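Take the position in the sequence shown, starting the count at 1, then add 1218; the result is the number in this note's numbering. Idealized CB from N, CA, C, for every residue including glycine. It should be emphasised that the depicted structure is a prediction, and the values quoted were computed from it without experimental measurement. Reviewing the structure listed below.
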Amino acid sequence: MMRPAMTIAPDLPPEAELPDDDPLAARKVGAAIERLARDWQQQPRLEDLAAEAGMSPWHFQRVFKRWAGISPKRFAQFVTLGHARRMLREEGSDLLGTSLDLGLSGPSRLHDLFVVAEAATPGEYKAAGQGMEIRWGVHQTGIGRALLAATPRGVCWLSFLAEEGDTPARHLAELALDWPRATLVEDPGATAKAAAQAFSPLAQPADGPVTLHLKGTNFQMKVWQALLTIPFGTVTTYAGIAQRIGHPTSARAVGNAVGANPISFLVPCHRVIRGTGVLDNYRWGPARKRVLLAWEAAKLAAE
1219 MMRPAMTIAP DLPPEAELPD DDPLAARKVG AAIERLARDW QQQPRLEDLA AEAGMSPWHF
1279 QRVFKRWAGI SPKRFAQFVT LGHARRMLRE EGSDLLGTSL DLGLSGPSRL HDLFVVAEAA
1339 TPGEYKAAGQ GMEIRWGVHQ TGIGRALLAA TPRGVCWLSF LAEEGDTPAR HLAELALDWP
1399 RATLVEDPGA TAKAAAQAFS PLAQPADGPV TLHLKGTNFQ MKVWQALLTI PFGTVTTYAG
1459 IAQRIGHPTS ARAVGNAVGA NPISFLVPCH RVIRGTGVLD NYRWGPARKR VLLAWEAAKL
1519 AAE
């Protein structure tokens, strides 16, 4: 059972805050977000999170809101299984069928208004990245560290690093399975723009949409394209995706394709959940899926 609601700390002078660009503050917020998602059934108190971060409660709350854009209390409200179930009930069974009529100028506008997906050509698929440079970088976001990688055609990878015991090497090894003959080059400057756009999804893209370069089977591409039609801050089911792509009996195969998606968040596989509201079958783990859904819901509620 969830503990009593977190108390809201009073505002204090800005000089007590950590600087906006303090990487230590960002890492501490990321660790707290992971803790809230992992322990969603018995949420830790604000005081406990602050103590783990080595801050006073008021200081921690202000730093959390500065980086995540929402308060710890607000995030905790959206991270529960009950919230996922409510989202399913509110959206109904025909979410994807009606999504083209939803919120095109509002905060729940379609994800594909700022994302353009391009499939790897047969030649690129066969070459497996031969002669291609893939540039990558790790970027601090409001919900943790993200590793982005891009070919000359667009973003081909996005994953999140855990705050404890995780390094880029593990993620790059997975990326190399998709493009085994490509040369991987660390170049954060090449992916910084896409990272900034990716995590400001409710802002109008000033520089045009983010282009994705996806490498997958025809079936996987159908599933991933369907994911792009799910509005920000909402969810659907595996069966709903299967019906949408014309394979109503292939919910299990859809689940496999969703789990194989190499571009977290931008191809929003986290928005597909079981009809029971259970969050699983996510490539980067259920806690990360919970983080993304809670962050989106909280951002949407604040609009």
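From the DSSP output, read off the bridge partner residues of residue i.
i: PHE1378; result: ALA1364
i: GLY1355; result: LEU1366
i: ILE1481; result: LEU1376
i: HIS1431; result: GLU1336
i: ILE1491; result: THR1455
i: VAL1403; result: ARG1353
Can you tell me whether residue i is buried or exposed? The criterion is at least 16 other CB atoms within 10 Å of its CB, across all chains shown.
i: LYS1411; result: exposed
i: TYR1343; result: exposed
i: GLN1461; result: buried
i: ARG1470; result: exposed
i: ALA1519; result: exposed
i: PRO1262; result: buried
i: GLU1404; result: exposed
i: PRO1480; result: buried
i: PRO1398; result: exposed
i: PRO1241; result: exposed
If you drop the 5 nearest sequence neighbours on each side, which residues of the same chain put their C-beta closer than 6 angstroms to that of residue i?
i: GLU1392; result: none
i: THR1359; result: PHE1417
i: ARG1501; result: GLY1477
i: ARG1284; result: none
i: THR1207; result: Since the first residue of the chain shown is 1219 and the last is 1521, residue 1207 is not available in this structure.
i: VAL1509; result: ILE1251, ALA1255 and ILE1361
i: ALA1294; result: LEU1254 and GLN1261
i: THR1455; result: GLY1493
How long is the line joining the alpha carbons of residue i and residue j, rounded to whole angstroms?
i: THR1339; j: HIS1465; result: 24 angstroms
i: ALA1558; j: GLN1348; result: This structure cannot settle anything about residue 1558, because the visible part of the chain is limited to 1219 through 1521.
i: GLY1321; j: MET1350; result: Any reading at GLY1321 must be qualified, since the residue scores a pLDDT of 31, below 50, and its modelled position is unreliable; the value itself is stated next. Cα to Cα, GLY1321 sits roughly 39 angstroms from MET1350.
i: LEU1426; j: ILE1352; result: Leu is not the amino acid found at residue 1426; the sequence shown has Gly there. One C-alpha to the other measures close to 21 angstroms.
i: LEU1267; j: ALA1250; result: 6 angstroms
i: ARG1489; j: THR1401; result: 32 angstroms
i: SER1482; j: LEU1376; result: 5 angstroms
i: PRO1386; j: LEU1366; result: 10 angstroms
i: VAL1356; j: ALA1413; result: 9 angstroms
i: PHE1296; j: GLY1503; result: 18 angstroms
Excluding the five sequence neighbours on either side, which residues of its own chain have a C-beta within less than 7 angstroms of the C-beta of residue i, listed in chain order?
i: VAL1441; result: ILE1459, ILE1463, VAL1472, ALA1475 and VAL1476
i: GLU1265; result: PRO1275
i: GLN1438; result: ALA1475 and ALA1478
I'd like the list of long-range same chain contacts for residue i, defined as Cβ closer than 8 angstroms, with 5 residues on each side in sequence excluded.
i: GLU1381; result: ARG1245, GLY1248, ALA1249, GLU1252, GLY1362 and ARG1363
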